[in-house]
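Below is one structure, written out as structure tokens; the observations come after it.
Numbering (the numbering used here), first residue to last: 1365 to 1439.
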């Protein structure tokens, strides 16, 4: 999956998207990746967040939630 394409598609729909790799959590063997999507001002109640072991795991958790809210996300 093209992560940049997903992020661009969400941004075009008014969603702010953040991916973070946390060095400290990575060193400690904890879930180092964070995905956050928030929708202000267009989707005021939208907040989807997860911490996971990989970018792919973040997307697997969060993209279905975003699709359920009616957002269009490329495959």
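Positions of the beta carbon are idealized from the N, C-alpha and C atoms, including for glycine. Because the structure is a prediction, the values reported are computed rather than measured.
With DSSP collapsed to three states, give me the class of residue i.
{"i": "residue 1435", "result": "coil"}
{"i": "residue 1376", "result": "helix"}
{"i": "residue 1392", "result": "coil"}
{"i": "residue 1419", "result": "helix"}
Are the beta-carbon atoms of residue i and residue j separated by less than 8 angstroms?
{"i": "residue 1423", "j": "residue 1400", "result": "no"}
{"i": "residue 1438", "j": "residue 1373", "result": "yes"}
{"i": "residue 1384", "j": "residue 1416", "result": "no"}
{"i": "residue 1425", "j": "residue 1402", "result": "no"}
{"i": "residue 1412", "j": "residue 1430", "result": "yes"}
{"i": "residue 1406", "j": "residue 1434", "result": "no"}
{"i": "residue 1409", "j": "residue 1398", "result": "no"}
What are the boundary residues of the beta strand (DSSP E) that residue i is part of?
{"i": "residue 1366", "result": "No beta strand (DSSP E) holds residue 1366; DSSP gives it neither H nor E."}
{"i": "residue 1399", "result": "1397 to 1403"}
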